[in-house]
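Data first, discussion second: the structure below is written as C-alpha cells.
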Amino acid sequence: MALDQTPPLNSLGFAKAPADTRVVVAMSGGVDSSVVAAMLAEEGYDVVGVTLQLYDHGAALAKKGACCAGIDIHDARRVAEDMGFPHYVLDYENIFQDAVIDEFADSYLAGATPVPCIRCNERVKFKDLLETAKDLEADCMATGHYIQRKMGADGPELHSAADASRDQSYFLFSTTPEQLDFLRFPLGHLPSKDDTRALAAKYGLSVAMKPDSQDICFVPNGDYASVIRKLRPEAADPGNIVDQDGKVLAQHEGVIHYTIGQRRGLGIGGLADPLYVVKLDAERKEVVVGPKSMLATRRVPVREINWLGDAPLTSQEEWPIAVKVRSTRPPRDAILRPITDTTAEVELLSAEEGISPGQACVFYDPNSRRIFGGGWIHKG
1326 MALDQTPPLN SLGFAKAPAD TRVVVAMSGG VDSSVVAAML AEEGYDVVGV TLQLYDHGAA
1386 LAKKGACCAG IDIHDARRVA EDMGFPHYVL DYENIFQDAV IDEFADSYLA GATPVPCIRC
1446 NERVKFKDLL ETAKDLEADC MATGHYIQRK MGADGPELHS AADASRDQSY FLFSTTPEQL
1506 DFLRFPLGHL PSKDDTRALA AKYGLSVAMK PDSQDICFVP NGDYASVIRK LRPEAADPGN
1566 IVDQDGKVLA QHEGVIHYTI GQRRGLGIGG LADPLYVVKL DAERKEVVVG PKSMLATRRV
1626 PVREINWLGD APLTSQEEWP IAVKVRSTRP PRDAILRPIT DTTAEVELLS AEEGISPGQA
1686 CVFYDPNSRR IFGGGWIHKG
C-alpha cells in the first residue's frame, strides 16, 4: 500500500519546504513589514523585499511620520541587507499620481471625505505590486497589515486583527477573493504592537523602535489644504458660508479648509445653538452649515461594493450585518439591502453623525470578526 508522500503545509499554507516557497514582502520601511520580512527569512523562505517609491523622493526625504519616503526606502534596504535577502525599489510615482493623488483632490473638492489609503491598497499595492510579485514567480505576497486571513469552507476569508486597536480591516475591505488567495498577513494574530516590536528587537532590526506612520503619506503634517491648493488652485477661491436655506452668514477662504462635521473655525458667533458644516459645494464655492441634527443619518447609499460573503450579495433581500463608516468607530448594527451586485442601501439601526460621501462603509459579520467586504458612500 503506497503511503501519501505529500509534505505537510508550511506556515504560509504551501505543501513544500519554506526554502522552495518564494514570498514577495511589500516593505514600507516601517517596523511592521520589516518584521514580516525578517520572520519569513528566519523561517527559511525565499524572501524578496519590494519597496515602492510613490512620490517625489527629494520632497519626501526630510519628512517623518509617513511611509514610502526616502528614509523609509533606506530602512527597508538595510533590513534586507542585514537579513540576507534581495530587495528592489520600484518607481510607482506615475501610477500613484493617477490612481490615488488625483482622485483624492477631486473627491475632496466634490465635498467628499476621501480615504486614499484604501485606494492605494486597491489600485497600487494589491493590483500592480501583486502582479509584479507574480512576475517574480512568487508563491504569495506578504504585508505588515494587521488583519487575518483564515481558511473557511469556501476558501480564504478576511477577519479582523486579534488586536482591535491595530485592526486595519477598514482600509482593506476592497481586497478581492482572487487577491486574498495570493496574500498573507503574518502579523494579524499578534495580541499587540508590543509583540511586533519585541520580534523586531529579537531579529536585531534597526527599525525596532521606529515610530508608526501617522499621516497620509503624501500629506505632510496632515495639512490637506496645502496639498490640494497645489493640485487644484481653484479650491482656495473664497466664497460664502450659508445656512440650509441659502442665507449668507459669513465668508470663507476656500472650501478646502472645511470638512463635514466641523464646528470650530467657522467665524460665526452670537447664535443660540452651535452650527456645523453639513455640506461642501465646491462648484458654488459654498460651505453649508446647520444644526447638529442635520449630521445624523440612518440611510447610507453604497456603491462599488466588493462582496466577500459565501453566497452572492443579491441572493438575499436583506443581510443583518455590522458596519463601520469611519475607521476610528466601532462596527454598528445595520441592515444591508442589495440593489445590484455592486450597489446597496445600508440602514443603520441607530443614526450616526458625520457620515460623508467618499468614506468607506465596511461590512462585518455581527456574530464573528469576519469581514464581508464593503463599498463607497455616495450622495445617492
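Its first residue numbered 1326, the sequence shown is counted upward by one per residue in our numbering.
Each residue gets a CB set at the ideal place from its N, CA and C atoms; glycine is no exception.
Since we're looking at a predicted model, the values are computed, not measured.
Margin query: My output table needs one value for F1697: the three-state DSSP class, helix, strand or coil.
Written below: The count along the sequence shown starts at 1 and reaches residue 1697 at position 372. It is a strand residue.
Note to self: Rounded to the nearest angstrom, what separates A1669 and R1403 at their Cα positions?
What the structure shows: For the purposes of this step, residue 1669 is identified with residue 344 of the sequence shown, where counting begins at 1. For the purposes of this step, residue 1403 is identified with residue 78 of the sequence shown, where counting begins at 1. Their Cα atoms are separated by approximately 47 angstroms.
Checklist line | Nearest-angstrom Cα separation, counted from A1636 out to D1606 | finding: Locating residue 1606 in the sequence shown gives position 281, counting from the first residue. Locating residue 1636 in the sequence shown gives position 311, counting from the first residue. Going from the Cα of D1606 to the Cα of A1636 covers about 39 angstroms.
Next item on the list: For E1578, I'd like the list of residues in its chain whose CB is within less than 6 angstroms of its CB, leaving aside the five on either flank, ordered along the chain.
Entry: In the sequence shown, the residue the question calls residue 1578 occupies position 253. P1563, listed in sequence order.
Check: Do three or more CB pairs link the region 1498-1516 to the region 1650-1665 at distances below 8 angstroms?
Finding: no
Check: Roughly how many angstroms lie between the CA atoms of G1374 and F1410, to the nearest whole one?
Finding: The residue labelled residue 1374 in the question sits at position 49 within the sequence shown. The residue labelled residue 1410 in the question sits at position 85 within the sequence shown. Cα to Cα, the separation comes out at about 7 angstroms.
Next item on the list: State the start and end residues of the unbroken alpha helix (DSSP H) segment that holds G1395.
Entry: Mapped onto the sequence shown, residue 1395 falls at position 70. It spans 1395-1408 - the alpha helix (DSSP H) in which G1395 sits, taken as one unbroken run.
Next item on the list: Verify whether the separation of the beta carbon atoms of I1581 and I1553 is less than 7 angstroms.
Entry: Working through the sequence shown from its first residue, we reach residue 1581 at position 256. Working through the sequence shown from its first residue, we reach residue 1553 at position 228. A contact, by the Cβ cut-off of 7 angstroms.
Check: Can you name the start and end residues of the alpha helix (DSSP H) that L1620 belongs to?
Finding: As a working mapping, residue 1620 is identified with position 295 in the sequence shown. Element bounds for L1620: n/a, residue is neither H nor E.
Notebook entry, point to check: Cα separation between T1622 and C1686?
Noted result: As a working mapping, residue 1622 is identified with position 297 in the sequence shown. As a working mapping, residue 1686 is identified with position 361 in the sequence shown. About 13 angstroms.
Check: Taking one C-beta from the region 1528-1535 and one from the region 1359-1374 each time, how about it: are there three or more such pairs within less than 8 angstroms?
Finding: yes
Item checked: Close-in-space but distant-in-sequence residues of the same chain around S1336 (CB under 7 angstroms, 5 per side omitted) -> In the sequence shown, the residue the question calls residue 1336 occupies position 11. E1368, listed in sequence order.
Next item on the list: Compare the Cα-Cα distances from V1614 to each of E1608, R1624, L1600 and report the closest residue.
Entry: Here residue 1614 refers to the residue found at position 289 when the sequence shown is read from its first residue. If we check each option's Cα against that of V1614, L1600 comes out closest.
Checklist line | Range of the contiguous beta strand (DSSP E) that encloses P1472 | finding: Numbered from its first residue, the sequence shown carries residue 1472 at position 147. Going by the sequence as given, residue 1472 is Ile instead of Pro. It spans 1472-1477 - the beta strand (DSSP E) in which I1472 sits, taken as one unbroken run.
Checklist line | Q1473 to R1491 span [Cα, whole Å] | finding: Sequence index remark: in the sequence shown, residue 1473 carries index 148 (1-based). Sequence index remark: in the sequence shown, residue 1491 carries index 166 (1-based). Taking the straight line from one Cα to the other gives about 12 angstroms.
Check: Hey, L1461 and Y1417: beta-carbon distance below 7 angstroms or not?
Finding: Counting from one through the sequence shown, the residue named residue 1461 turns up at place 136. Counting from one through the sequence shown, the residue named residue 1417 turns up at place 92. Contact flag unset, no.
Notebook entry, point to check: What is the rounded straight-line gap between the Cα of T1501 and the Cα of H1399?
Noted result: The count along the sequence shown starts at 1 and reaches residue 1501 at position 176. The count along the sequence shown starts at 1 and reaches residue 1399 at position 74. Their Cα atoms are separated by approximately 31 angstroms.
Item checked: Host alpha helix (DSSP H) of P1502 (start-end) -> In the sequence shown, residue 1502 corresponds to position 177, counting from 1. Counting along the chain, the alpha helix (DSSP H) containing P1502 begins and ends at 1502-1507.
Notebook entry, point to check: With 16 other CB atoms within 10 Å as the buried threshold, where does D1658 fall?
Noted result: Residue 1658 sits at position 333 when you count from the first residue of the sequence shown. Exposed, since its Cβ has fewer than 16 Cβ neighbours within 10 Å.
Next item on the list: Closer than 7 angstroms by C-beta to A1308: which residues in its own chain qualify, once you throw out the five before and the five after it? Chain order, please.
Entry: What the structure shows of the chain is the stretch from 1326 to 1705, and residue 1308 is not part of that stretch, so it cannot be assessed.
Checklist line | C-alpha gap between K1475 and H1412, whole angstroms | finding: Counting from one through the sequence shown, the residue named residue 1475 turns up at place 150. Counting from one through the sequence shown, the residue named residue 1412 turns up at place 87. So the alpha carbons of these two residues sit roughly 28 angstroms apart.
Next item on the list: Measuring alpha carbon to alpha carbon, tell me which of Q1493, E1482, G1595, V1612 ends up nearest T1584.
Entry: Working through the sequence shown from its first residue, we reach residue 1584 at position 259. The residue with the shortest Cα to Cα distance from T1584 is V1612.
Notebook entry, point to check: Along the chain, which unbroken stretches of the beta strand (DSSP E) at least 3 residues long are found entirely within the region 1497-1570?
Noted result: 1564-1567
Next item on the list: State the Cα-Cα distance for the pair L1574 and P1441, rounded to the nearest angstrom.
Entry: Here residue 1574 refers to the residue found at position 249 of the sequence shown. Here residue 1441 refers to the residue found at position 116 of the sequence shown. Answer to the nearest angstrom: the Cα atoms are 32 angstroms apart.
Item checked: Ranges of the beta strand (DSSP E) found wholly within the region 1433-1495, counting only runs of at least 3 -> 1465-1467, 1472-1477, 1480-1485
Margin query: Restricting to runs no shorter than 3 residues, where is the beta strand (DSSP E) found entirely within the region 1605-1687?
Written below: 1611-1615, 1621-1632, 1644-1649, 1657-1663, 1669-1678
Next item on the list: Classify A1597 as helix, strand or coil using the three-state DSSP reduction.
Entry: Here residue 1597 refers to the residue found at position 272 when the sequence shown is read from its first residue. In the structure shown, A1597 sits in coil (DSSP, three-state: anything other than H, G, I, E or B).
Item checked: Residue from K1649, P1481, I1696, A1486 with nearest C-alpha to K1518 -> Translated into positions along the sequence shown, residue 1518 becomes position 193. K1518 has its Cα closest to that of A1486, out of K1649, P1481, I1696, A1486.
Next item on the list: Go through its chain and collect everything with a Cβ distance to D1464's Cβ below 8 angstroms, but skip five positions before and after it.
Entry: Mapped onto the sequence shown, residue 1464 falls at position 139. These residues qualify, in order along the chain: L1337, F1339, T1346, R1347, V1348.
Notebook entry, point to check: Around the C-beta of T1639, are 16 or more other C-beta atoms found within 10 angstroms, so that it is buried, or is it exposed?
Noted result: Position 314 of the sequence shown, counted from the first residue, corresponds to residue 1639. Answer is exposed; the Cβ neighbour count stays below 16.
Checklist line | Residues near L1386 by beta carbon distance below 6 angstroms, same chain, minus five either side | finding: Start at 1 with the first residue of the sequence shown, and residue 1386 comes out as number 61. With a pLDDT of 37 at L1386, under the threshold of 50, the modelled position of that residue is not reliable, and the figure given next carries that caveat. Only G1395 meet the Cβ criterion.
Next item on the list: Give every residue of the same chain whose Cβ lies closer than 7 angstroms to the Cβ of Y1495, excluding the five residues on either side of it in the sequence, and list them in chain order.
Entry: Translated into the one-based positions of the sequence shown, residue 1495 becomes position 170. Answer for Y1495: K1649, S1652, A1685, V1687, listed in chain order.
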